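Residue numbers (this note's numbering): 339 to 733.
Beta carbons: idealized from backbone N, C-alpha and C, even for Gly.
Model, not experiment: these values are computed from the prediction.
One structure is given here, and the rest of the page talks about it.
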Ligand SMILES: [Zn+2]
Ligand SMILES: [Zn+2]
């Protein structure tokens, strides 16, 4: 399966306002044997990058070992292997780590622990230090710390509703530094509790991506494998294959996630590409969707405010060009697409937001206008864990 996924899928482009973006695929969440959690099966850094670059044919990749597993020696080794495995113009590597919260002591407001798991990406591949979440910073303190160092960075939350590790605390989400989240990864989907391929060992509703959207968060979509090249893939529309362009594309949420297949998707809502935020929304909403699967397509669904509002059957075809008019939304809404192939592979796009204006203020933990009615309850913000809370290793 991993070798079959290596089939090249290059040259797909979209045009937005006269500007061309090309689609690139990559892995933004992978552990090497530096991480202690699955050292017996995870590959070395060189093996992982070789697999991404030459076997599965990815355009970019990042190794995200746990902050708590680095020593100064291992961090410099990690940064050197990240720089050495880049093939400029052909394969982009990004210096990264996982910022893994492991506070397990529960409170009524945080029954599964504190803050959640994020991957941290540095634009500068010569960044000299990493950060260990178990030392007790809050996500906001981490952001302040990184800004003071002058770092250009991104954070990507993952395993959003996992209850074995620490799920994502959406009250600490920052729309500026956390533009996208993993909707799918090795553990399964965190779209919603009752959604296709939903992860096992999950929390009740409240921590999923649909819950974040219902709270008013503007956060886009990627997917990632996490361990030994498993399932999950990020697809990003970039200007060029370098870190500034990749960061720009992720900050614009011009991205989607798949279960691993290189499914090609172009979603336009009211003419705007995936990830866009449009303030106005009056009248019917035209949706156009171009899909080129890697197998016959079973269904294509369009969801508005987390409800399926349009469904097509693929009728055994691999390529589809679909159009529909959605009824006027009558308030803030977010529209995204979900594709399922007959071989079980899926893709989820970043939404297009209509009638939502994201807050320009950083770190207010909200990021957008008040959520529309009907949003599910989400974990509330609370006090910091007591200093005696003891860390527990998490995969
Ligand atoms: Zn994690
Ligand atoms: Zn991880």
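Rounded to a whole number of angstroms, what is the C-alpha to C-alpha distance between residue i and residue j?
i, j, result
"residue 643", "residue 689", "10 Å"
"residue 601", "residue 533", "19 Å"
"residue 463", "residue 623", "43 Å"
"residue 615", "residue 665", "18 Å"
"residue 638", "residue 362", "22 Å"
"residue 674", "residue 411", "44 Å"
"residue 569", "residue 366", "12 Å"
"residue 377", "residue 496", "20 Å"
"residue 358", "residue 649", "29 Å"
"residue 499", "residue 565", "18 Å"
"residue 453", "residue 654", "43 Å"
"residue 633", "residue 598", "13 Å"
"residue 539", "residue 379", "22 Å"
"residue 708", "residue 427", "Only weak support is given to the placement of residue 708: the predicted model assigns it a pLDDT of 31, under 50, and the question is left unresolved by the model."
"residue 685", "residue 523", "12 Å"
"residue 339", "residue 346", "14 Å"
"residue 652", "residue 626", "15 Å"
"residue 434", "residue 401", "6 Å"
"residue 536", "residue 546", "10 Å"
"residue 352", "residue 591", "14 Å"
"residue 661", "residue 693", "21 Å"
"residue 583", "residue 369", "24 Å"
"residue 586", "residue 559", "14 Å"
"residue 486", "residue 528", "33 Å"
"residue 350", "residue 360", "6 Å"
"residue 513", "residue 554", "10 Å"
"residue 636", "residue 630", "12 Å"
"residue 628", "residue 489", "37 Å"
"residue 384", "residue 609", "42 Å"
"residue 574", "residue 448", "33 Å"
"residue 408", "residue 646", "44 Å"
"residue 516", "residue 455", "12 Å"
"residue 680", "residue 640", "18 Å"
"residue 466", "residue 423", "18 Å"
"residue 469", "residue 494", "15 Å"
"residue 544", "residue 505", "10 Å"
"residue 672", "residue 561", "19 Å"
"residue 606", "residue 670", "17 Å"
"residue 611", "residue 577", "14 Å"
Given that a residue counts as buried once 16 or more other Cβ atoms are within 10 Å of its Cβ, and exposed if not, what is residue i?
i, result
"residue 620", "exposed"
"residue 444", "exposed"
"residue 479", "exposed"
"residue 459", "buried"
"residue 667", "buried"
"residue 526", "buried"
"residue 617", "exposed"
"residue 355", "exposed"
"residue 399", "buried"
"residue 341", "exposed"
"residue 348", "exposed"
"residue 659", "exposed"
"residue 556", "buried"
"residue 678", "buried"
"residue 421", "exposed"
"residue 657", "exposed"
Output the boundary residues of the beta strand (DSSP E) element that contains residue i.
i, result
"residue 365", "357–365"
"residue 438", "433–438"
"residue 445", "Unbroken run through residue 445: none, as it is neither H nor E."
"residue 369", "Note, residue 369: premise wrong, no beta strand (DSSP E); not H, not E."
"residue 413", "No beta strand (DSSP E) holds residue 413; the alpha helix (DSSP H) holding it covers 410–422."
"residue 571", "571–576"
"residue 641", "635–642"
"residue 651", "645–651"
"residue 429", "It is not in any beta strand (DSSP E) - residue 429 carries neither H nor E in the DSSP assignment."
"residue 632", "Neither: residue 632 is in no beta strand (DSSP E) and is coded neither H nor E."
"residue 354", "351–354"
"residue 685", "684–687"
"residue 516", "Counting along the chain, residue 516 falls outside any beta strand (DSSP E), and DSSP gives it neither H nor E."
"residue 497", "Element bounds for residue 497: n/a, residue is neither H nor E."
"residue 690", "690–692"
"residue 524", "Run containing residue 524: none; DSSP gives neither H nor E here."
Considering just the uninterrupted stretch of the alpha helix (DSSP H) at residue i, what are its terminal residues?
i, result
"residue 481", "477–486"
"residue 550", "547–552"
"residue 385", "383–388"
"residue 584", "581–589"
What whole-angstrom Cβ distance do residue i and residue j have, given they're in contact under 8 Å?
i, j, result
"residue 476", "residue 510", "7 Å"
"residue 520", "residue 451", "Going by Cβ atoms, the distance from residue 520 to residue 451 rounds to 18 Å, so no, they are not a contact pair."
"residue 604", "residue 430", "Incorrect: roughly 22 Å between the Cβ atoms, too far for contact."
"residue 397", "residue 364", "5 Å"
"residue 492", "residue 571", "Contact doesn't hold; Cβ gap of about 18 Å is too wide."
"residue 381", "residue 405", "20 Å between Cβ atoms; not a contact."
"residue 439", "residue 518", "Not quite, the Cβ-Cβ distance comes to about 19 Å (not below 8 Å), so this is no contact."
Residues with a Cβ closer than 6 Å to any heavy atom of ligand 2, in chain order?
Going along the chain, the residues that qualify are 367, 369, 402, 436, 564.
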